[in-house]
Amino acid sequence: MTGTPTATGHCLCGAVRYRVFAPLRPASVCHCSQCRRQHGALGSYTGGIPVDSLEIDGADRLAWYQSSASARRGFCRECGSKLFWQAMDRRTLDVALGSLDPPTGIVLARHIFVADKGDYYEIADELPRFAGSSAA
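In this text, residue positions in the sequence shown follow my numbering: the first is 2, and each later residue adds one.
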């Protein structure tokens, strides 16, 4: 791809590096049990970006785990860093906020799957909350 990326990021060990060539959309904080288990905390992702706007160095070190019938999660084979989430029926993917290089300019927009939230924390802001996906 040509031009200046709108965002860059990488895994903890640096084996997988990526560049995004599309605007980053407002982010969601996901409280579902799958995100909490995978991240060991809440999952925070950008809104969907077109798959073809992502350029990956070290793609051979990127592994995908199909966590449900409808979604898969991308992570580094070397260090285990969580990098991407993708709905199987879409040509977009979401980028894990913790993998982005600063400054991100990202704005948190909503909490999703709050009906599945862990019982060990409270949501302490006034962002919109959705029992499931905000698209539902």
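Cβ coordinates follow ideal geometry from the N, Cα and C atoms, glycine included. Just so we're clear, the structure is a prediction, and the values are computed from it rather than from any experiment.
Buried versus exposed, by CB contacts within 10 Å (16 or more), residue i
i, result
"Tyr-66", "exposed"
"Asp-120", "exposed"
"Ala-125", "exposed"
"Asp-95", "buried"
"Ser-29", "buried"
"Leu-55", "buried"
Which of helix, strand or coil DSSP assigns to residue i
i, result
"Cys-36", "helix"
"Val-21", "strand"
"Gly-99", "helix"
"Arg-73", "strand"
Boundaries of the beta strand (DSSP E) in which residue i is found, first to last residue
i, result
"Ile-124", "It is not in any beta strand (DSSP E) - Ile-124 carries neither H nor E in the DSSP assignment."
"Ser-29", "28–31"
"Thr-9", "8–11"
"Ala-110", "109–113"
"Ser-45", "44–46"
"Ala-64", "63–67"
Same chain, Cβ closer than 8 Å to residue i, neighbours up to 5 away in sequence not counted
i, result
"Phe-131", "Arg-111, His-112, Ile-113, Phe-114, Val-115, Ala-137"
Spatial neighbours of residue i in its chain, beta-carbon cut-off 7 Å, leaving aside the 5 residues before and after
i, result
"Gly-81", "none"
"Arg-62", "Ala-16, Val-17, Cys-77, Arg-78, Glu-79"
Residues bridged to residue i (per DSSP)
i, result
"Pro-51", "Thr-93"
"Asp-58", "Arg-18"
Close beta carbons around residue i, own chain, < 6 Å, minus the five adjacent residues each side
i, result
"Trp-86", "Tyr-46, Arg-74, Asp-95"
"Cys-31", "Gly-44, Ile-113, Phe-114"
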